[in-house]
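**Q** Residue numbers (the numbering used here), protein chains in the order written: chain A, -8 to 226; chain B, -8 to 226; chain C, -8 to 226; chain D, -8 to 226.
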DNA sequence: GATGAATGAGAATTCATTCAT
DNA sequence: TATGAATGAATTCTCATTCAT
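1. I'd like to know if residue 220(A) contacts chain B, where contact means its C-beta is closer than 9 Å to some C-beta of that chain.
2. Mark residue 173(D) as exposed unless 16 or more other C-beta atoms lie within 10 angstroms of its C-beta, in which case mark it buried.
3. Give the C-beta separation of residue 120(B) and residue 95(B) to the nearest angstrom, bearing in mind that I take them to be a contact with Cβ-Cβ under 8 Å.
4. Looking only at its chain, what residues have a beta carbon closer than 6 Å to the beta carbon of residue 165(C), apart from the 5 residues adjacent to it on each side?
5. What residues of chain D sit near residue 105(C), judged by a beta carbon separation below 8 Å?
6. Quick one: residues in its chain with C-beta nearer than 6 Å to the C-beta of residue 118(D), no 5 flanking neighbours on either side, listed in chain order?
7. Using three-state DSSP, classify residue 136(B) as helix, strand or coil.
8. Spell out whether any CB of chain A is found under 9 Å from the CB atom of residue 179(B).
9. For residue 227(C), which residues in the same chain have their Cβ closer than 8 Å to its Cβ, ignoring the five residues on either side in sequence?
10. I'd like to know whether the C-beta atoms of residue 136(A) and residue 132(B) end up nearer to each other than 9 Å.
11. Given that a residue counts as buried once 16 or more other Cβ atoms are within 10 Å of its Cβ, and exposed if not, what is residue 169(C)?
12. Relative to the C-alpha of residue 110(D), which candidate in 155(D), 83(D), 142(D) has its C-alpha closest?
13. In the DSSP assignment, find the alpha helix (DSSP H) that holds residue 100(B) and state where it starts and stops.
14. Should residue 148(A) be labelled buried (16 or more other beta-carbon atoms within 10 Å of its own) or exposed?
15. Tell me the DSSP secondary structure of residue 170(C) in three-state form.
16. Would you identify the three-state DSSP class for residue 64(D), choosing helix, strand or coil?
17. Can you round the beta-carbon distance between residue 130(D) and residue 194(D) to whole angstroms, since I take them to be within the 8 Å contact cut?
18. How is residue 226(B) classed by DSSP in three states: helix, strand or coil?
19. With 16 as the cutoff for other CB atoms within 10 Å, does residue 12(D) come out buried or exposed?
20. Does the beta carbon of residue 117(D) come closer than 9 Å to any beta carbon on chain C?
21. Looking only at its own chain, which residues have a Cβ that is under 6 Å from the Cβ of residue 58(C), when we skip the five neighbours before and after it?
22. Going by other Cβ atoms of all chains shown within 10 Å of its Cβ, with 16 needed for buried, is residue -8(D) buried or exposed?
23. Hey, could you find the ends of the alpha helix (DSSP H) residue 197(A) is sitting in?
24. Tell me, please, whether the CB atom of residue 123(A) is closer than 9 Å to any CB atom in chain B?
25. Using a threshold of 9 Å, state whether the C-beta atoms of residue 191(D) and residue 50(C) are closer than that.
26. By a C-beta neighbour count over all protein chains shown, 10 Å radius and 16 as the cutoff for buried, is residue 116(D) buried or exposed?
27. Indicate whether residue 112(D) and residue 122(D) have their beta-carbon atoms separated by less than 9 Å.
28. Is it buried or exposed, residue 76(C), if we count other Cβ atoms within 10 angstroms and call 16 or more buried?
29. Is DSSP giving residue 202(B) helix, strand or coil here?
30. With distances taken Cα to Cα, identify the nearest neighbour of residue 124(C) among 179(C), 88(C), 41(C).
31. Anything in chain D within Cβ reach of residue 145(C), meaning under 9 Å, just list it in chain order.
32. To the nearest angstrom, how far is the alpha carbon of residue 81(A) from that of residue 215(A)?
33. Could you list which residues in chain D have their beta carbon closer than 9 Å to that of residue 207(C), in chain order?
34. Residue 223(C) and residue 92(D) - do their beta-carbons sit closer together than 9 Å?
35. Could you work out which residue in 54(D), 188(D), 180(D), 141(D) is closest to residue 106(D) when comparing CA atoms only?
36. Could you pull out every residue in the same chain whose Cβ sits closer than 8 Å to the Cβ of residue 54(B), ignoring the five residues on either side in sequence?
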């Protein structure tokens, strides 16, 4: 590196300065680098935030890079410095959404002791996530219900973590004699994921029907599903 | 139109035929009307058939009215005499798909005696329908998992019939002491629909994952889901 | 067809009118069809003319569909009703250019009797074509000097005709003992084509050099090339 | 720049070295200047090498400054310190290509004694150059067949040298009574250049046609052209 | 009823060049 | 010198819908 080279012709006694020198050099370089990184991160985030905002206004599919650029006060080309394609923007948000969901699961589980309560907690967390982060929920299910070829390894990794989390709860439940041992944890994990996403999706799509039908409320449906699931897996 | 214009220059003596013409007017008018209706129906169906064919070839979303018109040997404008919009074509096919699904449910149930077997039959029919009519299944779930503002009353009606069918099975099961009475049939009906669609969707989206994971097969997942459901509702 | 059907219930005596009727019908239909075809042709030509004009102003490569649409007072989409792509516009003009060149060859040859004079005529026609139809010449050589994958069969056909024309002149010359028989007509035909295009291209590219160099004129170069060629092939 | 800045804070006693430094100043300044020039040259060359490499991979027209910068491990802006524009990079490479071609001519001629053999040698060298340095050949002909306003004096100079070389061979041939004296050497030189480039271009563009046509091979065409040319100019 | 030409707003992506640091 | 983020015009192609005939 440039600096090293220069240092090599510095007279011996000058090297006394090196410690201080390096400290401030290191700091200033580091700070400069950090500033640049931060700036990049800030713009990166700005694009995501604007995209999110626009999607919240107009829906997942109406996202349009012209609008994003305009709203983010950037040139359209600039977007492409941060994301290779529109798809990548969606992907980044979907990744974020999945991570949020995983975090929500972990959070909701942490206070539970029995395996079945934990699984109920996962369903509940899913529901709460859906209720409080509609766009993010949509992003999760968008990639979950459509066959995108564009799922990145990172995105798959989060799903894997979610799956593993559920599988480990199930196994724990089987060891504790809470859950029937005849059920393969992998199979249960995936069908639970399907059922849960399906029920949430239904709440979303049939929101109007549900709100007008006296016997139906979101809570009742969730509760019914949760109980049914719990009974179904119990020993 | 050209023909009308020509008729207008028909010579006087041609009007002699009018009396006879009038005599059979009622019938002929009816017949004419029927013919017209039939003709309309024929074209209407032709458009749907062509659309279906093209969607089967290229997928749900690749449908393109230029191609439909060309394939149906009509002008593009003609399509708009039979359907207000592209959306309406999709809607009509989705309606057909729902009707087919309802029929499949009824068919599969007919041989079953116990309520729980009937409900299992519904799940099975759903799966079989998914396996054998991919496009129609897609059409059902496309409208089921996305919030289309374009669901027509007719489409809702079929869903109502499906719901009613399931509700009545559940009620029958409760009377027979097969199914726990604490469950509200309406609630169960809707959550069953959600779960089932969700699990099917998962099979579709995660097909690759499932096929590469040794512990997973479509059958196992379906079976696991079905059993879990059956146990969950049993008395 | 509609018209046939109606005719079928026309009373006998009305059929007397048919001849006249058909005549005018036929005429009017034909005329309508012709009008439509003509209209299409007019627009098709308009697009080509506008493209040609713009290329003449800004060069072959600056052609831009926005400008074409604006200049032709059409919507951009309309262009795509007449041409599948920008490439096709270029191709159509290049085809026209090749046809014009072939015609120029034939025209210039027609008055010549000896084979060598005919070949000289081809070179001369090439030069005259270049001088009087610069854009078209560019279009010919654009496709001739760049490796387009987009040469259509039609375009290749014209080149084939040009080649055949030259081959047949050479063969004729060999029969007449004008041209050495040791030369393969196919080989000569193609190298003649290469040389000629090359010399023209040079005139074009080095126009400035030529005009400033006292010993050089286009005519001298062409003449020198022509003679050299003639001597080179003579018996 | 960083280095300058640091030097400026060097402690006083470091200046003791300055006398010595001054003694050799003239030299060192020269050396420094040379080093700077060399450094510049190194980067300049690096850019050209990378550009060449990328063009060899993807073709003449696919060159893209983003890629160049990345591959050369420079910032994109840095490219503009060494070249005013992308065009200038191409120009520099085209100049190199022309120089290589001139060198190839000289090399191939050196062993020949008769003027006609030398001219044949030029054609042969052209063909060999085309066969073995495709990119460079493309660069030569790209500037030779398209009217770039960007031909620099340097580039023109090389062409002048090529022309002079050929002119002098022709004159030599005329003195030796090998070549007809009626031909103006300047005219012949330029038409020979045109023909030769044209035939090579044809080999390139019609490569497929040639390879599929039984009567045609590159060698036959070149040979036919060469002979025809030789006969055409012979006394 | 039927036609099909015309529309024109989109939409995604590229890239040579500039310029503040 | 060197950087590299930012620009933004440029460009091709699509397609649901309309409307004059």
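In this text, a Cβ means the ideal position worked out from N, Cα and C, and glycines have one as well.
Being a predicted model, the structure only gives us computed values, none of them experimental.
**A** A quick look at the data gives this:
1. Using a CB distance cut-off of 9 Å, residue 220(A) counts as an interface residue toward chain B.
2. Of the residues assessed, residue 173(D) falls on the exposed side of the cut-off, its CB having fewer than 16 other CB atoms within 10 angstroms.
3. That belief holds up - the Cβ atoms of residue 120(B) and residue 95(B) are roughly 5 Å apart, short of 8 Å.
4. So the list reads 172, once near-sequence residues are dropped.
5. Going along chain D, no residue has its Cβ under 8 Å from residue 105(C), so there is no contact; the nearest lies around 18 Å.
6. Cβ neighbours of residue 118(D) within its own chain (closer than 6 Å, five residues either side excluded): 213.
7. The answer is helix: DSSP assigns residue 136(B) an H, G or I state.
8. So, interface residue.
9. Any question about residue 227(C) goes unanswered here, given that chain C covers just -8 to 226.
10. Yes, Cβ-Cβ distance for residue 136(A) and residue 132(B) is below 9 Å.
11. Buried is the label assigned to residue 169(C), since at least 16 other Cβ atoms lie within 10 Å of its Cβ.
12. Cα-wise, what sits closest to residue 110(D) is 155(D).
13. Residues 77 to 101.
14. Label assigned to residue 148(A): exposed.
15. Three-state result, residue 170(C): strand.
16. In the displayed model, residue 64(D) falls within coil according to three-state DSSP, outside both helix and strand.
17. The C-beta distance from residue 130(D) to residue 194(D) rounds to 17 Å, too long to meet the 8 Å contact threshold.
18. Three-state result, residue 226(B): coil.
19. Any reading at residue 12(D) must be qualified, since the residue scores a pLDDT of 42, below 50, and its modelled position is unreliable; no value is offered.
20. With respect to chain C, the C-beta atom of residue 117(D) has no partner C-beta closer than 9 Å.
21. Excluding its 5 nearest sequence neighbours in each direction, residue 58(C) has C-beta neighbours in its own chain below 6 Å: 45, listed in chain order.
22. Its pLDDT being 30, under 50, residue -8(D) is placed unreliably in this model, and the value from its coordinates should be taken loosely. When all chains shown are included, residue -8(D) counts as exposed.
23. It is not in any alpha helix (DSSP H) - residue 197(A) carries neither H nor E in the DSSP assignment.
24. Taking Cβ atoms only, chain B never reaches closer than 9 Å to residue 123(A), which makes this a no.
25. Not closer than 9 Å, so no.
26. It is buried - the Cβ of residue 116(D) has at least 16 other Cβ atoms within 10 Å.
27. No, these two residues do not count as a Cβ contact at 9 Å.
28. Exposed: under 16 other Cβ atoms inside 10 Å.
29. Here residue 202(B) sits in helix by DSSP.
30. Residue 88(C) is the option with its Cα nearest to residue 124(C).
31. What residue 145(C) touches in chain D: nothing, since even the nearest Cβ is about 16 Å away.
32. Approximately 34 Å between the Cα atoms of the pair.
33. Simply 175, 177, 178, 181.
34. At the C-beta level, residue 92(D) and residue 223(C) stay beyond 9 Å of one another.
35. If we check each option's Cα against that of residue 106(D), 180(D) comes out closest.
36. Result list for residue 54(B): 42, 45, 46, 77, 80, 81, in chain order.
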